[in-house]
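Residue numbers (the numbering used here): 593 to 673.
Backbone N, C-alpha and C define an ideal beta-carbon position, used for all residues, glycine too.
Bear in mind the structure is a predicted one, so any value in this text is a computation, not a measurement.
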């Protein structure tokens, strides 16, 4: 690049670190988690009557994924806040 360039580097989202942005991100994460939870509940309720040949429920809820772990075997991430 030459010294008269108009190219300006953009800040990455993680570089923004102010209290308001942190509150907004935390709230957005909570809303998203609630929406996913509601979708899962609605799906399981719609599939409630499905049974396996041996009479057990076809779909069951096993366990909640704890905050900070998105995949089996992944390292825990930093908790917001």
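Pull up the distance between the alpha-carbon of residue i and that of residue j, whole angstroms please.
i: residue 616; j: residue 647; result: 46 Å
i: residue 595; j: residue 602; result: 18 Å
i: residue 629; j: residue 637; result: 12 Å
i: residue 604; j: residue 610; result: 14 Å
i: residue 625; j: residue 598; result: 41 Å
i: residue 621; j: residue 600; result: 30 Å
i: residue 608; j: residue 614; result: 9 Å
i: residue 645; j: residue 627; result: 32 Å
i: residue 612; j: residue 643; result: 48 Å
i: residue 618; j: residue 641; result: 37 Å
i: residue 649; j: residue 634; result: 16 Å
Hey, would you say residue i sits closer than 8 Å to residue j, going by beta carbons?
i: residue 651; j: residue 639; result: yes
Drop a sphere of 10 angstroms on the beta-carbon of residue i, count the other beta-carbons inside from all chains shown, and report buried for 16 or more, exposed for fewer.
i: residue 673; result: Note on residue 673: pLDDT 47, under 50, position unreliable in the model; no value is reported.
Report the option in the options whose CA atom is closest to the CA atom of residue i.
i: residue 654; options: 632, 608, 641, 621; result: 632
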